[in-house]
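Heads up: the structure comes next, in structure tokens.
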């Protein structure tokens, strides 16, 4: 059976990232990071573009009226009705040289969120854990934080520093989303075309990775074996997310930057 790839939205993003599906409204959200835009499109509806006025890269639903957004100054709460942003938790807000990048919610509700240098400065970023009002830095010296995702049972976390070409895996406490051991290499992509970018894990534990500069999405088994490679009609696919009531379709953001 051939994979079917089609255009969900023809809006061109300079740096499309952070796709997130809201099953409550059957809507996909994503960002054009460097232009400060939040894009919103029901799977069977029209596109809306919101000007945030700040670089932002990830979104999570709090309730029907509020969303949590990772921005260049930290975690901000967005009022859905008015679009107003209110700072909730500063993250590197005193550093104008960094911004948010990849983030994802752990099954327990904890948020892992990554930062990076706006000029991709070596080691300028980090990956943080946020849960019940507490913020901790998990990993430092990150150049481009990416691929943050989790196994369905919350016992495994994945992440990468795209600059290294290594997808990492670390055991987690399913109750808190905190690492319980040292990270180890899940996939070594250094000899392959392109760079590991965003990832998501399906219900079978398969990790789907967007290959920036590689025109592909690759699927890896839980033990790191390459299972599939889906060619993409874009040079810079950036991040995947499962969408639909059965989570059986994959939405992939892309960028013309780079």
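Residue numbers (our numbering): 58 to 315. Just so you know, even glycine gets a beta-carbon here, dropped at the ideal spot from N, CA and C.
Per DSSP, the beta-bridge partners of residue 274 are 267, 287.
For residue 262, the closest C-alpha among the options 272, 279, 64 is that of 279. According to DSSP, residue pairing for residue 203 in a beta bridge involves 217. A residue is called buried when at least 16 other Cβ atoms come within 10 angstroms of its Cβ; residue 125 meets this threshold and is buried. Its chain contains 108, 109, 110, 111, 112, 113 as the residues whose beta carbon lies nearer than 8 Å to that of residue 93, once the 5 sequence neighbours on both sides are disregarded; these appear in chain order. Non-local C-beta neighbours of residue 144 in its own chain, meaning closer than 7 Å and more than five positions away in sequence, comprise 130, 131, 133, ordered along the chain.
Here the alpha carbons of residue 158 and residue 115 stand approximately 7 Å from one another. In the three-state scheme derived from DSSP, where H, G and I count as helix and E and B as strand, residue 111 is classed as coil. Taking all protein chains in view, the Cβ of residue 224 is crowded by 16 or more other Cβ atoms within 10 Å, so the residue is classified as buried. Under DSSP, residue 98 shares a beta bridge with 85. Pairing residue 267 with residue 239, the inter-Cα distance amounts to about 25 Å.
For residue 250, same chain residues with a beta-carbon under 6 Å away, outside a window of 5 residues either side, are 271 in chain order.
In this chain, the beta strand (DSSP E) harbouring residue 242 covers 241-245. Here residue 310 is near residue 73, since their CB atoms are less than 9 Å apart. Pairwise C-beta distances place the segment 160-171 out of contact with the segment 94-106, as fewer than three of them are shorter than 8 Å. DSSP places residue 66 outside any beta strand (DSSP E), giving it a letter other than H or E. Inclusion of residue 76 and residue 297 in the CB contact set at 9 Å is warranted, their separation being smaller than that value. Judged by DSSP in its simplified three-state form, residue 90 adopts helix. According to the DSSP secondary-structure assignment, residue 105 is paired through a beta bridge with 97.
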